[in-house]
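Residue numbers (this note's numbering): 332 to 642.
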């Protein structure tokens with residue numbers, strides 16, 4: 332069919348990883364004469380718009396697409412079965428936990444043991460909606476250690492976020508700890524760690540093996556090692572949660588020919604993934620794997636036609 336000429340790609344903040352993948356999709360589909368509009372909405376509204384067919388594409392971490400489709404984690408009891416995947420794009424990042432050397436904390440459990448009044452930067456910014464999965468995961472990590480952000484506040488600490496003056500606090504050294512997603516690159520997300528490690532002397536803390544196993548079993552999250560030298564202060568490989576990829580997804584409402592054309596364009600113009608400040612990886616034999624939700628039939632047909640998908 333493929334009559335629709337203008338497609339809507341739901342994104343996060345400008346120049347974020349999500350925005351960048353939207354730009355790449357827009358750039359690739361322009362070769363087919365298709366226009367892509369990048370559009371913003373609250374976290375919870377983005378999924379609803381895509382699942383209902385009012386918007387065409389979105390992107391999220393692979394685990395969160397799986398959560399949304401299966402009704403796990405933040406989506407417990409509310410599976411969104413209309414979601415369909417277009418492409419899995421490599422983007423290695425890690426859930427990093429760090430404290431300043433001045434705290435003398437060397438392990439996460441010491442926060443509870445000492446009832447330390449941390450001024451802690453966390454991924455709990457709501458930006459007009461609910462907290463994102465980074466905040467949810469942070470809560471589950473601390474919960475596994477037997478304390479919460481409310482406990483830290485009760486001990487005299489302070490919670491700081493990106494919408495609560497946190498970025499300035501990082502630069503002015505008014506934080507004792509930070510929990511956030513870490514990856515190679517600056518931009519709206521990466522700059523937090525880059526600036527935090529430049530302006531503060533940070534010690535990165537490992538997440539205990541039993542905690543990683545618990546989160547893996549409950550939520551399907553992957554354990555991994557944040558690599559040495561990822562940024563200043565990471566002096567050895569750090570055991571933590573590992574998030575290897577993003578998934579560009581759509582819904583059952585997207586026309587099969589449009590899904591086929593999108594998968595084809597991203598494949599044929601995959602050089603665009605390497606031309607951004609974030610190091611994305613397009614692997615033709617991984618692009619149709621670990622997609623969180625079932626592949627859209629149109630995208631699946633393309634990958635089978637190329638021999639990328641054989642089972």
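Beta carbons: idealized from backbone N, C-alpha and C, even for Gly.
Close Cβ partners of residue i (< 8 Å) along its chain, the five nearest in sequence each way excluded
i	result
residue 630	415, 416, 417, 418, 590, 591, 593, 594 and 619
residue 614	421
Span of the alpha helix (DSSP H) around residue i
i	result
residue 542	540-550
residue 340	Where residue 340 is concerned, there is no enclosing alpha helix (DSSP H), although the beta strand (DSSP E) it sits in stretches over 337-342.
residue 467	464-475
residue 352	348-360
residue 577	Residue 577 -> not in any alpha helix (DSSP H); beta strand (DSSP E) instead, spanning 569-582.
residue 370	That residue, residue 370, is in no alpha helix (DSSP H); its beta strand (DSSP E) goes 366-371.
residue 385	From DSSP, residue 385 is part of no alpha helix (DSSP H); its letter is neither H nor E.
residue 442	440-444
residue 591	587-599
residue 529	518-530
residue 483	480-485
For residue i, the first and last residue of its enclosing beta strand (DSSP E)
i	result
residue 636	Note, residue 636: premise wrong, no beta strand (DSSP E); alpha helix (DSSP H) at 628-637.
residue 430	414-431
residue 389	389-392
Candidates the options, of which the one nearest residue i by Cα
i	options	result
residue 383	491, 584, 564 and 507	584
residue 338	347, 381 and 344	381
residue 486	448, 480, 463 and 452	448
residue 336	361, 347 and 350	361
residue 534	388, 560 and 598	560
residue 428	565, 599, 615 and 516	565
residue 523	538, 539 and 502	502
Beta-carbon proximity list for residue i, same chain, < 7 Å, skipping 5 on both sides
i	result
residue 461	374 and 375
residue 582	381, 382, 384, 413, 414 and 415
residue 411	378, 382, 399 and 400
residue 363	592 and 596
residue 463	374 and 454
residue 504	530 and 531
residue 386	339, 341, 370 and 380
Contacting residues, own chain, Cβ-Cβ under 6 Å from residue i (five flanking each side not counted)
i	result
residue 553	573
residue 500	491 and 506
residue 640	619 and 634
residue 509	429, 452 and 527
Between the stretch 388-395 and the stretch 603-616, can you find at least three pairs of beta-carbon atoms closer than 8 Å? no
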